[in-house]
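Numbering (the UniProt record's numbering) for the sequence shown: 1 to 45.
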Amino acid sequence: MTSFTAFSIFEFICLLHCCYHEFAQLSRNTLRYFFAYANILNVRS
1 MTSFTAFSIF EFICLLHCCY HEFAQLSRNT LRYFFAYANI LNVRS
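Put into structure tokens, the structure is as follows:
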């Protein structure tokens, strides 16, 4: 039972790490697009 619990915690941490990595990548890309769009608006005005 203890080994199963430890494995579940390990699995949960791996899943959390993967989700965090994906989210960080996504937010970084979103910020990049947002700043590029803001620059286009600044140039246009």
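C-beta: ideal position from N, C-alpha, C; glycine also.
For a test of the three-state rule: what should DSSP assign to S27, helix, strand or coil? As a working note, residue 27 is residue 27 in the sequence shown. Helix.
At the level of alpha carbons, what is the spacing between A24 and C18? For the purposes of this step, residue 24 is taken as residue 24 along the sequence shown, with counting starting at 1. For the purposes of this step, residue 18 is taken as residue 18 along the sequence shown, with counting starting at 1. The straight-line gap from Cα to Cα measures roughly 10 Å.
Separation of N39 from R32, as counted between CA atoms: Locating residue 32 in the sequence shown gives position 32, where the first residue counts as 1. Locating residue 39 in the sequence shown gives position 39, where the first residue counts as 1. Whole-angstrom Cα-Cα distance: 11 Å.
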